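Numbering (our numbering), first residue to last: 7 to 159.
Backbone N, C-alpha and C define an ideal beta-carbon position, used for all residues, glycine too.
Please read these numbers as outputs of a predicted model, since none were measured by experiment.
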Ligand SMILES: [Zn+2]
Ligand SMILES: [Zn+2]
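Here it is in C-alpha cells:
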C-alpha cells in the first residue's frame, strides 16, 4: 500500500503535480477498494469517513487529474455512471471486464487477450493503438451455479 502510494506520488511529481493530503486520501480509498469500480460519489463518501473536511468537488477534481495522468481509468458499464478503476501497475493497456447482466457483478481479466486483434487492426486500418476497452456482458459463474443449471457445467 505505502509503496504504491509512493509510486503514484512519483508519477504525479513527474508531471509537476503534488500528492496533497486531499489527493492522497482519494488515492488511499481507490487502493483500499481496488476491485470495486467506485463512482465519484462512492469515492467521496468513503473519503469523507476519514477526512470529513474534504468536499465532493475536490474529490471530483482529483479523480479527473488521476484519470488524465493515467493513474486511474474511467469506465462506464452502460448504467450511465462513470466509475474509476486503478490502472494495474505496469499495465500498458486497460484490463478487461466481465459484467453480469443478472447480478451486476463486475469481474476483471488482467491478462491482455487483445494482442492479436490489435495487430490486425493496426495493420489493416493503419491505426496506432494506444489502449482499448473490452467489456463482456453475460451471466457470471455464480449466477449460473445458483440456478443449478447443469447444462452449462
Ligand atoms: Zn476493473
Ligand atoms: Zn451474476
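According to DSSP, residue 142 sits in a beta bridge with which residue or residues? Along the chain shown, read from residue 1 onward, the residue named residue 142 stands at position 136. In DSSP, residue 142 forms a bridge with 104.
Would the region 116–126 and the region 67–80 be scored as touching if the rule is three or more Cβ pairs under 8 angstroms?
no
- Message: Quick check: the Cα distance between residue 4 and residue 56, rounded to an integer number of angstroms?
- Response: The requested residue 4 is not part of the displayed model; the chain covers only 7 to 159.
Check: How many Å lie between residue 47 and residue 12 at the Cα?
Finding: Position 41 of the chain shown, counted from the first residue, corresponds to residue 47. Position 6 of the chain shown, counted from the first residue, corresponds to residue 12. Taking the straight line from one Cα to the other gives about 25 angstroms.
- Task: Take every Cβ of the region 55–71, pair it with every Cβ of the region 28–38, and state whether three or more of those distances are shorter than 8 angstroms.
- Result: yes
- Query: Just the residues with CB closer than 5 angstroms to a heavy atom of ligand 1, in chain order, which are they?
  - Reply: 91 and 114
ask   = What three-state label does DSSP hand residue 35 in the structure shown?
value = As a working mapping, residue 35 is identified with position 29 in the chain shown. Helix.
What is the rounded straight-line gap between the Cα of residue 25 and the Cα of residue 50? Position 19 of the chain shown, counted from the start, is the residue given in the question as residue 25. Position 44 of the chain shown, counted from the start, is the residue given in the question as residue 50. Cα to Cα, residue 25 sits roughly 17 angstroms from residue 50.
Q) From which residue to which residue does the alpha helix (DSSP H) around residue 125 run? A) Counting from one through the chain shown, the residue named residue 125 turns up at place 119. Residues 121–131.
- Query: Relative to ligand 2, is the shortest distance from any of its heavy atoms to the C-beta of residue 85 smaller than 7 angstroms?
  - Reply: Counting from one through the chain shown, the residue named residue 85 turns up at place 79. Incorrect: residue 85 has no Cβ contact closer than 7 angstroms to ligand 2.
Exercise for review: Would you mind working out which of 101, 72, 144 and 111 sits nearest residue 138, comparing C-alpha positions?
Suggested key: For the purposes of this step, residue 138 is identified with residue 132 of the chain shown, where counting begins at 1. Selected option, being the one with the closest Cα: 101.
Residue nearest to residue 42 in terms of C-alpha spacing, selected from 141, 132, 114 and 146:
Your numbering for residue 42 matches position 36 in the chain shown. Of the listed residues, the one whose Cα sits closest to residue 42 is 114.
Q | Own chain residues within Cβ distance below 6 angstroms of residue 52, not counting five before or after | A | Translated into the one-based positions of the chain shown, residue 52 becomes position 46. Result list for residue 52: 35, in chain order.
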